[in-house]
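Chains as they are written, first to last, in the working numbering: chain A, 1 to 189; chain B, 1 to 189. Ideal Cβ placement from N, Cα and C applies to all residues, glycine included. Values in this document were obtained by computation on a predicted structure and should not be read as measured data. In what follows, a single structure is set out as structure tokens and then discussed.
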DNA sequence: CGTATTTCTTAACAAATGTTCAGTAGAAAG
DNA sequence: CTTTCTACTGAACATTTGTTAAGAAATACG
């Protein structure tokens, strides 16, 4: 049931079976229906979620009153509001299920307890954060080196699942272009 | 001498004085002249640097044969090639001093030794990575919500030091626009 | 100091993308 | 089933940005 999470932990750090079981026991299942929120703007984020299945969308209102889609969280990724989770401030972003989504959720308290009780798990936290950093580096590179059309084609090639499941307007804001232009690009090929 | 680094560590984690001193002793000073490399494309990155003063530029050749400037590292930030450092693969990026730059450098070996000997330092590694993640989130948001001109004005307002010290062509690639267009924007106001 | 080389600027034009608005299709609500 | 609303499409036009090419300015180098 938590085998996907278990495997990822085992692939990342060396940890004894009882310690691993204890770690896993701190993650509670949470099932979201389509459009349910994992986190709402203005609330404090005190959880980290592991996506077992489905998809989450991280977005926030921007200066112009539109929604900016920052990221889509796919299965086997961790998701939280980094800024809210680490600072304790109110979240400036929403995290919402795009599809029916199964999560395993750990509370901040439990995570900190875990870190102090089993120090090796800090390594897992650190490596996970480093992983996210690498993903973001790639996303930045996509903007630095590619036009809107090239970014669209990249998604088409590498994450076609997004095009199939995500409303076009969300995808446009994820690509940093207008919905009309995305519609135009989509028709073109 | 290492007071800036010392302070940042103390502000981030609770660590005893002897442990802190030990941690600090692992960082070796390294002074780079303008245009010296901290890391060259194709070499393995087995160090993390703390920028005491000066500025580093992280860049790589892109598909089109140009240079893409991924990031400028300012004083009091940590810098490494995340992908190379964590995977052990050859680096796909260059890290070069834009100005005379003073670094404190720690070797991967020493860092891993530190992590295992003083587990609390893992927390420092994790929080530092989370910090970088937040910086990157903001950089992505800048691309999602702002035109080239708005991005330029943002830098003008928040990091004017870059405009004063960095060659225009590097800045253009950092903003994801052509040097000609940056020149045009700069004249405009 | 003069020359070569690189970087920056400028302008004209081309291409990409945004904006506005109208229409259509499909989903949700009654 | 009909109505309403929302999301998507399409086209015309405006604006932004890229490209090309030439010249000016700055820098490196003998």
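Given this structure, state the Cα-to-Cα distance separating residue i from residue j, to the nearest angstrom.
{"i": "residue 61 (chain A)", "j": "residue 177 (chain B)", "result": "25 Å"}
{"i": "residue 6 (chain A)", "j": "residue 91 (chain B)", "result": "30 Å"}
{"i": "residue 185 (chain B)", "j": "residue 139 (chain A)", "result": "25 Å"}
{"i": "residue 171 (chain B)", "j": "residue 46 (chain B)", "result": "27 Å"}
{"i": "residue 72 (chain A)", "j": "residue 59 (chain A)", "result": "9 Å"}
{"i": "residue 188 (chain A)", "j": "residue 48 (chain A)", "result": "40 Å"}
{"i": "residue 53 (chain B)", "j": "residue 166 (chain B)", "result": "15 Å"}
{"i": "residue 2 (chain A)", "j": "residue 75 (chain A)", "result": "13 Å"}
{"i": "residue 21 (chain A)", "j": "residue 161 (chain B)", "result": "50 Å"}
{"i": "residue 69 (chain A)", "j": "residue 51 (chain B)", "result": "33 Å"}
{"i": "residue 132 (chain A)", "j": "residue 134 (chain B)", "result": "10 Å"}
{"i": "residue 164 (chain B)", "j": "residue 8 (chain A)", "result": "46 Å"}
{"i": "residue 56 (chain B)", "j": "residue 23 (chain B)", "result": "23 Å"}
{"i": "residue 146 (chain A)", "j": "residue 66 (chain B)", "result": "12 Å"}
{"i": "residue 159 (chain B)", "j": "residue 28 (chain A)", "result": "43 Å"}
{"i": "residue 88 (chain B)", "j": "residue 123 (chain A)", "result": "17 Å"}
{"i": "residue 100 (chain B)", "j": "residue 33 (chain B)", "result": "4 Å"}
{"i": "residue 82 (chain A)", "j": "residue 109 (chain B)", "result": "29 Å"}
Please go through the same chain and pick out, in chain order, the residues whose beta-carbon is closer than 8 Å to the beta-carbon of residue i, but skip the five residues on each side of it.
{"i": "residue 125 (chain A)", "result": "111 and 115"}
{"i": "residue 128 (chain B)", "result": "12 and 78"}
{"i": "residue 168 (chain B)", "result": "179, 182, 183 and 186"}
{"i": "residue 14 (chain B)", "result": "120"}
Report all residues from its chain with a CB closer than 6 Å to the CB of residue i; omit the five preceding and five following residues, and keep chain order.
{"i": "residue 118 (chain B)", "result": "19"}
{"i": "residue 30 (chain B)", "result": "103 and 105"}
{"i": "residue 148 (chain B)", "result": "177"}
{"i": "residue 85 (chain A)", "result": "45"}
Quick one: residues in its chain with C-beta nearer than 7 Å to the C-beta of residue i, no 5 flanking neighbours on either side, listed in chain order?
{"i": "residue 142 (chain B)", "result": "151 and 154"}
{"i": "residue 35 (chain A)", "result": "96 and 97"}
{"i": "residue 107 (chain A)", "result": "46 and 47"}
{"i": "residue 4 (chain A)", "result": "52 and 76"}
{"i": "residue 137 (chain B)", "result": "none"}
- Item | Three CB pairs or more closer than 8 Å across the region 95-105 of chain B and the region 162-180 of chain A | Contact between the region 95-105 of chain B and the region 162-180 of chain A is absent, because fewer than three Cβ pairs lie under 8 Å.
- Message: Under 8 Å, with one C-beta from each stretch per pair, do the region 34-45 of chain B and the region 147-155 of chain B reach the 3-pair mark?
- Response: no
- Item | Against chain A: residues of the region 133-148 of chain B by CB proximity under 8 Å | The residues in question are 133, 134, 136, 137, 139, 140, 141, 143, 144 and 145.
- Query: Hey, which unbroken runs of the beta strand (DSSP E) at 3 residues or more fall wholly within the region 43-99 of chain A?
  - Reply: 47-53, 56-61, 67-73 and 94-97
- At which residue ranges does the region 86-166 of chain A contain complete beta strand (DSSP E) runs of 3 or more residues, listed in the order of the chain? 94-97 and 101-107
- Can you give me, in chain order, the residues of the region 68-81 of chain B that have a beta carbon less than 9 Å from any beta carbon in chain A? 68, 69, 70 and 71
- Item | Members of the region 43-57 of chain A near chain B, C-beta cut-off 7 Å | none
- May I ask you to list, following chain order, the residues of the region 111-127 of chain A that have a beta carbon less than 8 Å from some beta carbon of chain B? 115, 119, 120, 122, 123, 125, 126 and 127
- Task: Could you pull out every unbroken alpha helix (DSSP H) segment of at least 4 residues lying fully inside the region 10-43 of chain B, listed in chain order?
- Result: With a minimum length of 4 residues, the continuous alpha helix (DSSP H) runs that stay inside the region 10-43 of chain B are 17-25.
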